[in-house]
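Here the structure is laid out as structure tokens; the discussion comes afterwards.
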Amino acid sequence: MIADGPRAERPGEAEKCAATRAIIDEVDWDCEVERNFSETNLGCRLRISSGITWAFERIDKAIILEDDCLPSGSFFPYSSELLDRYESDERVMMISGNNRLFGRAESADSYYFSRYPHYWGWATWRRAWAKYDVHMTQWPEIRDRKLFDQYLPNMVGRYYWESTFQHVFDGNINTWAYQWVFSIWANSGLCAVPARNLIRNIGFHAEATNTTRHSVYSSLASLDAEELDFPLNHPATFLASSDKDRLEISLWAARSKGLLYALNRYAAMMKMLIRRARGRGQWPDPGLLVRGGW
Numbered sequence: 004m005i006a007d008g009p010r011a012e013r014p015g016e017a018e019k020c021a022a023t024r025a026i027i028d029e030v031d032w033d034c035e036v037e038r039n040f041s042e043t044n045l046g047c048r049l050r051i052s053s054g055i056t057w058a059f060e061r062i063d064k065a066i067i068l069e070d071d072c073l074p075s076g077s078f079f080p081y082s083s084e085l086l087d088r089y090e091s092d093e094r095v096m097m098i099s100g101n102n103r104l105f106g107r108a109e110s111a112d113s114y115y116f117s118r119y120p121h122y123w124g125w126a127t128w129r130r131a132w133a134k135y136d137v138h139m140t141q142w143p144e145i146r147d148r149k150l151f152d153q154y155l156p157n158m159v160g161r162y163y164w165e166s167t168f169q170h171v172f173d174g175n176i177n178t179w180a181y182q183w184v185f186s187i188w189a190n191s192g193l194c195a196v197p198a199r200n201l202i203r204n205i206g207f208h209a210e211a212t213n214t215t216r217h218s219v220y221s222s223l224a225s226l227d228a229e230e231l232d233f234p235l236n237h238p239a240t241f242l243a244s245s246d247k248d249r250l251e252i253s254l255w256a257a258r259s260k261g262l263l264y265a266l267n268r269y270a271a272m273m274k275m276l277i278r279r280a281r282g283r284g285q286w287p288d289p290g291l292l293v294r295g296g297w
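Start counting at 1 in the sequence shown, then tack on 3, and there's your number in the working numbering.
Given below as structure tokens:
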């Protein structure tokens, strides 16, 4: 169990943290509970990343759920089976429980391989997390050599991710997750994604950090947790599913929200075009390039 400390400037947050931690004391089934609770507030970037690192000092594989991620019954056996199946396969760096295609891509297989990780309920191994770099030290070289273009055939997606990574590198976005995407791509890793969504995010409310009802993620609030059929049908080919990845890009590509938004998006595209050509210039807000983020 990993928990951050309360923010000193938020009245009542210390009491909420204490009440949440008390729930852990009520675990009454046969298991060993280990706790990593911070007394000070580290923030999303350092608390989650340091907590996962702490976990992998004790175990060699893990299923990871944040407090607002409610899994279906299929999530745990699916994750457990794939953790065993791909434990020694360096190509696979992550198992996701989240499918964001909204049921638009049927498949006879129980899961597919993707370049795009989702972390609302996921699993990985110590060997993969060892490649995680919260500081993204390789980013300047990868950016200047445009090495991630191979993963992003769509221009809008390419510009979005390049701008996002730069803002994370500069410390403008307080997150741990984009660095995980970066680390997977930097190591040519793949993510296993279930054919059906296995996680429902129940954290869409006014006090949420990222998932408010009016946040960029609000369209995902309608995703229900479904069940998979067992035994699992494993993919016959070991390649990223280009058709499903293209569908995901199309679902998340920005749509016009009026003339002002369209003009701002066009300006952001021009900034990225100039910046990639000259190697210098202002980085636009990633939210102007892709609706809702990834």
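Cβ coordinates follow ideal geometry from the N, Cα and C atoms, glycine included.
The structure presented is a predicted model; accordingly, all values stated were derived computationally and were not measured.
When beta bridges are read from the DSSP output, L193 appears opposite V95.
Rounded to the nearest whole angstrom, the C-alpha separation of L254 and D248 is 10 Å.
At a Cβ-Cβ threshold of 8 Å, Y135 and S53 do not count as neighbours.
Residues D7, G8, S53 of the same chain have their beta carbon placed closer than 8 Å to that of L45, with the five preceding and five following residues left out of the count. The stretch 89 to 104 makes contact with the stretch 119 to 129: 3 or more CB pairs, one atom from each, lie closer than 8 Å. R107 sits close to L250, with the two beta carbons spaced by under 8 Å.
By the neighbour-count criterion, in which a residue is buried when 16 or more other Cβ atoms sit within 10 angstroms of its Cβ, L86 is buried. The residues F59, D63, in chain order, have a CB closer than 6 Å to that of R129 in the same chain once the five nearest residues on each side in sequence are set aside. Shortest Cα-Cα distance from F40 to any of C20, W32, D33 involves C20. Counting along the chain, S117 sits inside no alpha helix (DSSP H); it lies in the beta strand (DSSP E) bounded by residues 114 to 117. C-alpha of I98 to C-alpha of S110: approximately 17 Å in a straight line.
Sequence-distant partners of S186 (beyond 5 residues in either direction) whose C-beta falls short of 7 Å from its own C-beta, in its chain, are K134, Y135, D136. For A65, the pairing in a beta bridge is given by DSSP as T127. In the three-state reduction of the DSSP assignment, R103 falls in the coil class. Of the residues assessed, N175 falls on the exposed side of the cut-off, its CB having fewer than 16 other CB atoms within 10 angstroms. Beyond the five residues adjoining it in sequence on each side, P80 comes within less than 8 Å, by CB distance, of F233 in the same chain, given in chain order.
Within its own chain, no residue has a Cβ closer than 6 Å to the Cβ of I26 once the five positions on either side in sequence are excluded. Counting only the Cα atoms, A11 lies some 43 Å from Y114.
Remark: C-beta atoms of Q141 and A189 approach each other more closely than 8 Å. Per the coordinates, the alpha-carbon of C72 lies some 40 Å from the alpha-carbon of G282. For S91, the number of other beta carbons within 10 angstroms of its own is below 16, and it is reported as exposed.
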